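Going left to right, the sequence shown walks through residues 1416 to 1654 as this note's numbering numbers them.
Beta carbons: idealized from backbone N, C-alpha and C, even for Gly.
These numbers were taken from a predicted model, which means no experiment stands behind them.
A short worksheet on the structure shown next.
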Amino acid sequence: MKLSNSVAATETSVNANGVSTGGPFPLRLPMHPALMSNVKAEDEGCINDMILQQSESLQQIFMQTQRLMAEVDQVSDHLKTMNKTSQTQKSIDERAREISVMKDLKALYESPNSPFSIKLSYPIGQIFYKNKPFQLKLRISEKSGEEIGRVSLVVKVFAYESPIKEIVHSYKGEAILINGRAKEVDGHEIIKFKRICFTEVSKKYPSEKFILVVLALGRNDIAPLIIDGIQVKSRSPRA
């Protein structure tokens, strides 16, 4: 009989008539406790090595992830800086264009030596809401003792476009401004345009703003009232 590491033996199988049926077959014997202890210790050592290797791998992955996140943050900060710079430049360019349009508009309708000018009797602000009426209360200021007489005033809307472009109708074909049509008044009186309202929001137009102009028709001696930066929003905020 020959013993291996598994402590195996051999035997020959014999049937009831005493005839051998083959063999030899391995016969497993119980492992010695000392051998079992050694095997267990080796298994535990392997497991510990695997755990250590996995821990080191996870640590490397964590460090790589941290570096990657730091790089992503740097790229994000750089993009934010670029976007901010781009927005700033865009605002500068837009404002320069608006100023240029205003100069062209004043050059078109104003006379440097106009003895009269149209003024607001009270401020109206620059934010309005679509289809919400407001009132213009005006007066004609005189720079000399000249007689003003009766005048015909009209309210018009202009876009921030060059060359100068008056907006008469909205994109839906409606009048862009209601109740701004010409009216004849006494130049010495307070002039009121009641229930004026815009029928379109300003964000659909260049600079997302309008220019509101009050003109004295046929009177180059009366400087117009020009209100720039008018914003018309879709609805008023809820209380």
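**OP:** Determine the DSSP secondary structure at Tyr-1524, reduced to helix, strand or coil.
**Re:** Tyr-1524 falls in the helix class under three-state DSSP.
Subject >> Val-1572 - DSSP class collapsed to helix/strand/coil >> reply: In the structure shown, Val-1572 adopts extended strand secondary structure according to DSSP, grouped into three states.
**OP:** Run the CB neighbour count on Arg-1565, radius 10 Å, all protein chains shown included, and call it buried at 16 or more, exposed below.
**Re:** Exposed, since its Cβ has fewer than 16 Cβ neighbours within 10 Å.
**OP:** Assign Lys-1518 to one of three DSSP states: helix, strand, or coil.
**Re:** Note: Lys-1518 maps to helix in three-state DSSP.
Original post:
Apart from the five residues just before and just after Tyr-1524, which ones in its own chain have a Cβ nearer than 6 Å to its Cβ?
Top reply: Correct list, in chain order: Pro-1639.
Original post:
Which two residues bound the contiguous beta strand (DSSP E) that contains Arg-1554?
Top reply: In this chain, the beta strand (DSSP E) harbouring Arg-1554 covers 1549-1557.
Original post:
Three or more C-beta pairs closer than 8 Å, one from the segment 1609-1617 and one from the segment 1507-1522: is that the case here?
Top reply: No, the segment 1609-1617 does not touch the segment 1507-1522.
Subject >> contact_flag[the segment 1591-1598, the segment 1535-1545] where n(CB pairs < 8 Å) is 3 or more >> reply: Short answer: they don't touch.
**OP:** Measure the alpha-carbon distance for Arg-1610 versus Lys-1547 and round it to whole angstroms.
**Re:** The alpha-carbon atoms of Arg-1610 and Lys-1547 are separated by roughly 8 Å.
**OP:** Note the first and the last residue of the continuous beta strand (DSSP E) segment covering Ala-1631.
**Re:** Its beta strand (DSSP E) spans residues 1625-1631.
Subject >> Nearest residue (CA-CA) to Val-1628, options Leu-1568, Leu-1483, Cys-1461 and Met-1497 >> reply: If we check each option's Cα against that of Val-1628, Leu-1568 comes out closest.
Subject >> Top-ranked residue by Cα proximity to Ser-1577, from Arg-1512, Val-1487 and Leu-1632 >> reply: From the listed residues Arg-1512, Val-1487 and Leu-1632, the smallest Cα separation to Ser-1577 is found for Arg-1512.
**OP:** Look up Gln-1646 in the DSSP assignment and give the residues it is bridged to.
**Re:** Paired residue(s): Ile-1542.
Original post:
Is Ser-1622 buried or exposed, if buried means 16 or more other CB atoms sit within 10 Å of its CB?
Top reply: Buried, since its Cβ has 16 or more Cβ neighbours within 10 Å.
**OP:** Look up His-1493 in the DSSP assignment and say whether it is helix, strand or coil.
**Re:** Reduced to three states, the DSSP call for His-1493 is helix.
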